[in-house]
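There are 2 protein chains.
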Amino acid sequence: MNASAQFQDRLNQVAKDTETLLDRLLGSALLDGEIGRPARLLEAMRYAGLGAGKRFRPFLVVECASLFGVDREQALMAGAALECIHCYSLVHDDLPAMDDDDLRRGQPTAHKAFDEATAILAGDGLLTLAFDIASRTATHPDPAVRVELVQALARASGLGGMVGGQMLDLAAEGRFDGGTARRLQEKEVLTLQAMKTGALLKFACRAGGILGQASAAQRDALERYGAAVGQAFQIADDLLDVEGDPALVGKQTGKDADAGKATIVGILGVDGAKARLRTIVSNAEVALAPFGKSADVLIAGAKFVADRNV
Amino acid sequence: MNASAQFQDRLNQVAKDTETLLDRLLGSALLDGEIGRPARLLEAMRYAGLGAGKRFRPFLVVECASLFGVDREQALMAGAALECIHCYSLVHDDLPAMDDDDLRRGQPTAHKAFDEATAILAGDGLLTLAFDIASRTATHPDPAVRVELVQALARASGLGGMVGGQMLDLAAEGRFDGGTARRLQEKEVLTLQAMKTGALLKFACRAGGILGQASAAQRDALERYGAAVGQAFQIADDLLDVEGDPALVGKQTGKDADAGKATIVGILGVDGAKARLRTIVSNAEVALAPFGKSADVLIAGAKFVADRNV
Chain A
1 MNASAQFQDR LNQVAKDTET LLDRLLGSAL LDGEIGRPAR LLEAMRYAGL
51 GAGKRFRPFL VVECASLFGV DREQALMAGA ALECIHCYSL VHDDLPAMDD
101 DDLRRGQPTA HKAFDEATAI LAGDGLLTLA FDIASRTATH PDPAVRVELV
151 QALARASGLG GMVGGQMLDL AAEGRFDGGT ARRLQEKEVL TLQAMKTGAL
201 LKFACRAGGI LGQASAAQRD ALERYGAAVG QAFQIADDLL DVEGDPALVG
251 KQTGKDADAG KATIVGILGV DGAKARLRTI VSNAEVALAP FGKSADVLIA
301 GAKFVADRNV
Chain B
1001 MNASAQFQDR LNQVAKDTET LLDRLLGSAL LDGEIGRPAR LLEAMRYAGL
1051 GAGKRFRPFL VVECASLFGV DREQALMAGA ALECIHCYSL VHDDLPAMDD
1101 DDLRRGQPTA HKAFDEATAI LAGDGLLTLA FDIASRTATH PDPAVRVELV
1151 QALARASGLG GMVGGQMLDL AAEGRFDGGT ARRLQEKEVL TLQAMKTGAL
1201 LKFACRAGGI LGQASAAQRD ALERYGAAVG QAFQIADDLL DVEGDPALVG
1251 KQTGKDADAG KATIVGILGV DGAKARLRTI VSNAEVALAP FGKSADVLIA
1301 GAKFVADRNV
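Note that the protein sequences, when read in sequence, are chains A and B. Going letter by letter, the first sequence gives residues 1 to 310 in our numbering. Going letter by letter, the second sequence gives residues 1001 to 1310 in our numbering.
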């Protein structure tokens, strides 16, 4: 099997295992310390957390962790925690007061399928559940490892990471202070993207190193790979918006340009962005070189992110 | 100084120290792992987290922890984490899609002072920050203690605790499934209240035992005290709604009855509720008896909660 086929195979397997795990974590059985699990709230959390998504973030956790021989079940737990954060962010981003989207992956968004109050609470519930999962013994037997994971996840997803990035995105759209959109400089675009989407992808790789109790040099390598994947993800997304086939992409293209949104493609042009993408993928390969052949599937993952047409 | 004056004194001191600590935690300096702290988001989080509230939950953490000689600075950190959860819940509960409140403690609610999108994100940011704070070395040097704190906080505040309780409250108001309010039975009211407000108060006491690495019997005593405080808090609140002076209470009274809301006062009557309140305070005293005189300020706290007229 070539690296690309192996990547698809491993991604599919992680997606399947993550689905099974989240299905269990979002069950109705009460855990120690819980008083009740209201049916409607649980149903909305399941709607938002199950049945969709490529589970690319859990894949990164599992594959980075496997470089250090981490138990796969533990890595899947950390991946499930991360996926709860990712899914809550989609629910809140889709709300009428935010991006006001009615559809997500072709299905009604949570506030459309339920209602706004339920969607807000389901997001809050998933966000909170992420830290519950990360703190469990099943995620790692060593409490020092678990608490490091909790802290890294909080930093990646809060004010200084993903939530902050969503704030910068709304600000760039001119949503505040009188409502004038402002074209960002390249550096500002990179910061916004590093926060909004990059932080969680980087955390996914970092989590592998935390679970594996990797050396500082190894963690540094994983973080450089994670940062490269985040940048590649974003440029590929921007390119899809310009060049993608709406039928394949499954959503309207040309939205960014219409919204006057500053993107790397807008700043560097299509050819410049593609050249940048090649450099980024090469950076990802260089970062993982010390891990040899065992990192091939991660490098195939970076290439997949860069080349994707959906 | 009598116990009641001592309680007021300690409560005020914890409030002051918590304010100072949260002011620092909500500063603009970046922490390791953070990329940026967008000014508007930070401002909204400060608006929601600073300058108001009695800080009764942090008081419970600090006083319960002090029974075991826990470093006050550590207990204040755990209290600050809990207060972030409490404050985020107020921001989200006030949103138009939820309780739709324009004022909170006489000030514009976060979505009025800023806007809905900013308020949603500020709530998400405070919720996430709580777990960042709980996971820091300054909260406790032992990672096993910190991760236990993280897990207990997640269980108290998520699907199986506070968020679930808010869901039950909205459901009881008839917000879903065609919109008919339903009068809850006593048992249902108690479950709703144990989740919506009780879980965090109970966690506050539990946190003291976790930080103090207390014995199972001691933790059990603290939890029984915490549960009693939660119940007293709620009945006192219900009584204020029926008997309170709107000028003193600072909000409209009689709202629960008008809304057809089932409360313990509605079920037991005013005299029955007052008798129940006395039993609950007595339970709180009995629970803390093993701690002797050092628990006097906590017992005064339970009495304050039961007798409060504001």
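Note that the Cβ used here is the ideal one computed from N, Cα and C, for glycine as well. Predicted model, so just to flag it, every value in this text is computed and none were measured.
When you compare the CB of residue 1195 (chain B) with every CB in chain A, is at least one pair closer than 9 Å? Interface residue, yes.
At a cut of 8 Å, does the segment 1125 to 1145 of chain B reach the segment 106 to 118 of chain A through at least three beta carbon pairs? no
Where residue 1045 (chain B) meets chain A, residues with beta-carbon distance less than 7 Å: Simply 159.
What first and last residue would you give for the alpha helix (DSSP H) that runs through residue 1273 (chain B)? 1264 to 1288
Short CB-CB distance (under 9 Å) between residue 1030 (chain B) and chain A: So, interface residue.
Pick from B:1129, B:1224, B:1002, B:1192 that is closest to residue 156 (chain A), judged by C-alpha positions: Of the residues B:1129, B:1224, B:1002, B:1192, the one whose Cα lies closest to the Cα of residue 156 (chain A) is B:1129.
Over the uninterrupted alpha helix (DSSP H) stretch that includes residue 1060 (chain B), give me the two end residues. Its alpha helix (DSSP H) spans residues 1056 to 1066.
Pick out the complete beta strand (DSSP E) segments inside the segment 17 to 51 of chain A, 3 residues or longer, and give them in chain order. none
Using a cut-off of 7 Å between C-beta atoms, extract the partners of residue 1170 (chain B) located in chain A. Within 7 Å Cβ-Cβ: 117.
Going by DSSP in three states, residue 103 (chain A) sits in which element: helix, strand or coil? strand
From residue 26 (chain A) to residue 268 (chain A), what does the alpha carbon distance come to, in whole angstroms? 44 Å
Euclidean distance between Cα positions of residue 8 (chain A) and residue 1071 (chain B): 52 Å
Taking the alpha-carbon positions, what's the residue 318 (chain A) to residue 1030 (chain B) distance? Only positions 1 to 310 of chain A appear in the structure, and residue 318 (chain A) is not among them; the question remains open.
Classification of residue 321 (chain A) by the beta-carbon crowding that lies within 10 angstroms, buried from 16 upward: In the structure displayed, chain A extends from 1 to 310; residue 321 (chain A) sits before or after that span and is not available.
Nonlocal neighbours in the same chain, by C-beta distance under 8 Å from residue 69 (chain A), ignoring five residues either side: 212
Can you tell me where the alpha helix (DSSP H) with residue 1297 (chain B) in it begins and where it stops? 1296 to 1307
Would the segment 41 to 57 of chain A count as touching the segment 5 to 22 of chain A if we require 3 or more Cβ pairs under 8 Å? yes
Cβ-based neighbour list, residue 195 (chain A), same chain, cut-off 7 Å, excluding 5 preceding and 5 following: These residues qualify, in order along the chain: 161, 162, 164, 165, 168.
To the nearest angstrom, how far is it from the Cα of residue 236 (chain A) to the Cα of residue 264 (chain A)? C-alpha separation (whole angstroms): 10 Å.
Own chain residues within Cβ distance below 6 Å of residue 1059 (chain B), not counting five before or after: 1011, 1014
Taking only beta-carbon positions, decide if residue 1175 (chain B) is within less than 9 Å of chain A. yes
Straight-line Cα distance separating residue 1205 (chain B) from residue 270 (chain A): For residue 270 (chain A) and residue 1205 (chain B), the distance between alpha carbons rounds to 58 Å.
What are the boundary residues of the alpha helix (DSSP H) that residue 1122 (chain B) is part of? Secondary structure note for residue 1122 (chain B): its alpha helix (DSSP H) is the uninterrupted segment 1116 to 1134.
Could you give the distance in angstroms between the alpha-carbon of residue 1085 (chain B) and the alpha-carbon of residue 107 (chain A)? 31 Å
Tell me the DSSP bridge mates of residue 1108 (chain B)? DSSP lists B:1103 as the bridge partner or partners of residue 1108 (chain B).
Near-chain A residues of the segment 1109 to 1135 of chain B (beta-carbon distance less than 9 Å), N- to C-terminal order: 1111, 1114, 1115, 1116, 1117, 1118, 1119, 1120, 1121, 1122, 1123, 1124, 1125, 1126, 1127, 1128, 1129, 1130, 1131, 1132, 1133, 1134, 1135
Minimum Cβ-Cβ distance from residue 225 (chain A) to chain B less than 9 Å: no
DSSP state of residue 1176 (chain B), grouped into three classes? coil
Does the Cβ of residue 1185 (chain B) lie closer than 8 Å to at least one heavy atom of the ligand ATP? Only the bare structure without any ligand can be found here, which leaves the ligand ATP out of the picture.
What number of angstroms, rounded off, separates the C-alpha of residue 80 (chain A) from the C-alpha of residue 1198 (chain B)? For residue 80 (chain A) and residue 1198 (chain B), the distance between alpha carbons rounds to 29 Å.
For chain B, find out if any of its Cβ atoms is closer than 9 Å to the Cβ of residue 216 (chain A); answer yes or no. Chain B, which has no Cβ nearer than 9 Å to the Cβ of residue 216 (chain A), makes this no.
Closest by CA to residue 227 (chain A), which one among A:286, A:42, A:170, A:178? A:286
Cβ-Cβ distance between residue 1124 (chain B) and residue 154 (chain A) below 9 Å: no
Pair every Cβ in the segment 1271 to 1281 of chain B with every Cβ in the segment 1296 to 1307 of chain B, then say whether three or more of these pairs are closer than 8 Å. yes
Would DSSP call residue 159 (chain A) helix, strand or coil? coil
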